[in-house]
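Take 1 as the starting number for the sequence shown in the UniProt record's numbering and just add one per residue.
Take a look at the structure set out below.
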Amino acid sequence: MDHEIIDSSSGPFGKVEVLQYAQLAGSSDARSAQSLFFVTQAGMRLKKVRITLPSMKSKIRVEPGALYYMHGALEMKATTGGGLIRGLARKALTGETLFVNEIHGKGEVYLEPTFGHFLLVDLDDDEIIVDKTMFYAGLGELTVSAALNRTIAGLAGGEGWFQTKITGTGTVVLFSPVPMNEVQVFQLNDSKLSVDGNFALMRTKGVDFTVEKSSKSWVATSVSGEGLLQTFKGTGTVWIAPTQGVYKQLATENGLSELAGPPGARSTHV
1 MDHEIIDSSS GPFGKVEVLQ YAQLAGSSDA RSAQSLFFVT QAGMRLKKVR ITLPSMKSKI
61 RVEPGALYYM HGALEMKATT GGGLIRGLAR KALTGETLFV NEIHGKGEVY LEPTFGHFLL
121 VDLDDDEIIV DKTMFYAGLG ELTVSAALNR TIAGLAGGEG WFQTKITGTG TVVLFSPVPM
181 NEVQVFQLND SKLSVDGNFA LMRTKGVDFT VEKSSKSWVA TSVSGEGLLQ TFKGTGTVWI
241 APTQGVYKQL ATENGLSELA GPPGARSTHV
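See below:
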C-alpha cells in the first residue's frame, strides 16, 4: 500500500498513526477520475487512522461509523460510554452519539478514510474541552462527557451551552477542520488570548472561556467593527485554527472575490 505516516503517537496503551495515501489512481469511472484529478491538483490527500493494540487487555473507543476494518484477536462491544444516563446526556448536550464502540484485544484497527484532517492529542491524567463532534476515537483510559459553558459565553461565542470534555490518560483522535500545520497552539501562563471568530478548537483544563467586548464600552465595541471576542484566560493550552474561516468563505458563491479584497472591506461602506 502506497502511503506515508504523517503523524503518530505511541505509549503503553498502543500506537496511533495517521496514514496518508500518495495518490489514488485506480478508478475506471470517468466521473470519479475527474473528481480525483481536481482533489489531487488541490493538494488533497486521502487519509486514514491505524491503531495498533499490543495486548489482549488493550482497548480503544471509536465513534459509530468510524470503523473501517480490523485485523487480529479483536472484539467489538457497543456501550453507552459510562452508563445510559451519561450517554443520553452526552447525546443531547454535545451532539455526540448515544452508543460508542469499544474494541478490545490485540491487533490493528483501521478507521474510515477521509480527505479531512486528524489531530492526535496525548493526555496524561489531563483534560481537554473540544468543539462538538470533533471526537473520533480514543486509545487508553479516557472518559468522554459534556462540558457546560457556565455563562452566556457559549451562546454569544457560537460554541453553544455545551462542548465535549475528554478526561484521562491516553491518545485522543480528533477530526479537525484544518491540517495540523495550520493549527496554532498557545501556551497560557496566567494570561489571556482573545479571538475574533469561532475558530478556537480546544483548550486544556485551567483555561476559562468567556466572551468579552472588544473595547471597554459598548459604543466603542459597536463602531470598532470587531464586536465580541472569544476570550481564554488562565494557565494551560489553547489550539486555534486561523484558516478555518477562509475555507468556509471559499465554499460560498462569492467567497473567492471577497477574500481577494482588503480585509474588512466588504463590511465598510462610504
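Heads up, the beta-carbon is just placed ideally off N, CA and C, and yes, glycines get one too.
Keep in mind that this is a model prediction, so the values were computed, not measured.
Across the set S28, V109, V185, V16, the C-alpha of V109 shows the shortest separation from the C-alpha of E75. Taking a cut-off of 8 Å for Cβ pairs, the stretch 29-39 and the stretch 47-56 do not touch, as fewer than three such pairs fall below it.
With a cutoff of 9 Å on beta-carbon distance, V144 and L201 are scored as not near each other. Proximity to Q244 across K205, S176, V207 peaks at S176, based on C-alpha coordinates. If you compare the alpha carbons of E127, L111, S8, G236 with that of L188, the shortest gap goes to G236. Linking P179 to L193 through their CA atoms gives a straight-line distance of about 22 Å. For Q249, the uninterrupted alpha helix (DSSP H) run begins and ends at 244-250, by DSSP. Taking C-alpha positions only, R50 is separated from Q20 by approximately 11 Å. The criterion of a C-beta distance shorter than 9 Å is satisfied by F209 and N149. Taking the Cα of I240 as reference, the smallest distance to any Cα among A251, K213, N101, V185 is reached at V185. Counting only residues of its own chain and dropping the five nearest sequence neighbours on each side, G107 has a CB closer than 7 Å to the CB of L53, M70, H71, G72, A73, L74. For K77 against E102, the beta-carbon gap comes to about 5 Å, under 8 Å, which counts as contact.
DSSP, read as helix, strand or coil, puts T40 in helix. As the crow flies, the alpha-carbon of V246 is around 8 Å from that of G255. Residue I128 holds the alpha-carbon nearest to the alpha-carbon of G170 among I128, K248, T252, S191. When the Cα atoms are used, S8 and K233 turn out to be separated by approximately 30 Å.
The C-alpha of G140 lies about 6 Å from the C-alpha of I60. Where L148 is concerned, the enclosing beta strand (DSSP E) starts and stops at 135-148. Only residues of its own chain outside the window of five on either side were considered, and among them Q249 have a CB closer than 6 Å to the CB of L259, listed in chain order.
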